[in-house]
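Below is one structure, written out as structure tokens, with a few remarks after it.
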Amino acid sequence: MPDELQDPRLDENWRVVVIATTPNFDLLRKTLSDIEANSVSHDISILAVADNMLAECADELGYPIKESLPAVINPDSFWVTVLAALGFAIQKTVFLRAGVRVPHHWDARLAAAGQRNQLAAAISPVCARHPLLSAFTDPSHEPSLTVGEVDQWLNDYVDGKTYVVPVVLESCVILQGELWSQLGDFDNDQQLLEALRLRGAWLLATDQLYIDDTGVDCLADLTHLPAAFTSAYRER
-19 MPDELQDPRL DENWRVVVIA TTPNFDLLRK TLSDIEANSV SHDISILAVA
31 DNMLAECADE LGYPIKESLP AVINPDSFWV TVLAALGFAI QKTVFLRAGV
81 RVPHHWDARL AAAGQRNQLA AAISPVCARH PLLSAFTDPS HEPSLTVGEV
131 DQWLNDYVDG KTYVVPVVLE SCVILQGELW SQLGDFDNDQ QLLEALRLRG
181 AWLLATDQLY IDDTGVDCLA DLTHLPAAFT SAYRER
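With the working numbering applied, the sequence shown closes on residue 216, and no number is skipped along the way.
As structure tokens, then:
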């Protein structure tokens, strides 16, 4: 079951990768501002589409930029494309989409959840927009509170647990474990996640972190899942 490891010492060996799928510099700047104010890790880089503006602003941003994402990403192959562009290996990596807002110690909380669940290949936080992971009854809700206020409210009431989910959140997630470098190539994310499940890897979510992804467009296609299955998750 999840949350089996109870070592109180946090292994700080993780990195943060900001994914910029559009040349929207304002979105990237806001997210980097949050990261600078609220992150524990200092190992931060940007994975982006090739764009002259981003290249010109690289010195201002102060973080290394790898411009290896294609200009157009197939919506059902987001993680397949990102991992191929990054050359993802075994190292724990916290991914964050440009435009997402994060609260205090957001990365450390995801890393801690990963450390407690070492059989997990991916752990997603609670968010605003995803129909299975939204903190709100209506995922289209426009929160009037800041990301920090909703995060604090959530942590006042939740159980502080991780639980199994059938998805990997596009807007924010930690990926970990050797399986990611052993899986080979896939045509789409559904194939990728199915391969992880068949190998016994957990896909988890944690209720100990809320991120505000109202500023980004992410795929939340659940049509491949049984209706009764998704309904049960929404109710939970």
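Note that CB positions come from ideal geometry on N, CA and C, so glycine has one too.
Item	Value
Chain-order list of residues whose beta-carbon lies under 6 Å from that of A102 (same chain, five-residue window excluded)	V148, V153, L155, L183
Expected contact under 8 Å - CB spacing of A(-1) and L76 to nearest Å	Correcting the residue identity first, residue -1 is Ile in this sequence and not Ala. Confirmed, Cβ separation roughly 7 Å.
Pairwise C-alpha distance: A78 and L8	5 Å
Sequence-distant residues of its chain with Cβ nearer than 6 Å to L163 (five each side left out)	A175
9 Å Cβ cutoff met for V106 and T186	yes
The beta strand (DSSP E) enclosing I104, as first and last residue numbers	Note on identity: in this sequence residue 104 is Ser, with Ile being the wrong assignment. 100 to 106 is the span of the beta strand (DSSP E), which, as asked, contains S104.
Cβ neighbour criterion (16 or more within 10 Å) applied to R89	buried
For Q171, the three-state DSSP class (helix, strand or coil)	helix
C-alpha gap between T2 and V29, whole angstroms	7 Å
Alpha carbon of N54 to alpha carbon of Q132, nearest angstrom	35 Å
Neighbourhood of S19 by C-beta distance below 6 Å, restricted to the same chain and skipping five residues each side	D87
Residue ranges of each beta strand (DSSP E) within the stretch 91 to 157, 3 or longer	100 to 106, 142 to 144, 152 to 155
Candidates D193, D197, C198: closest to V80 by CA position	D193
Rounded C-alpha distance that separates Q171 from V74	22 Å
Touching by the beta-carbon criterion (3+ pairs, under 8 Å), the stretch 44 to 64 and the stretch 114 to 123	no
Any C-beta of chain B under 9 Å from that of E150	Reference to chain B is not applicable here, since this structure consists of a single protein chain.
Contacts around G140, its chain only, beta-carbon distance under 8 Å, and the 5 residues preceding and following it disregarded	D187, Q188
Whole-angstrom distance between L99 and V144, CA atom to CA atom	12 Å
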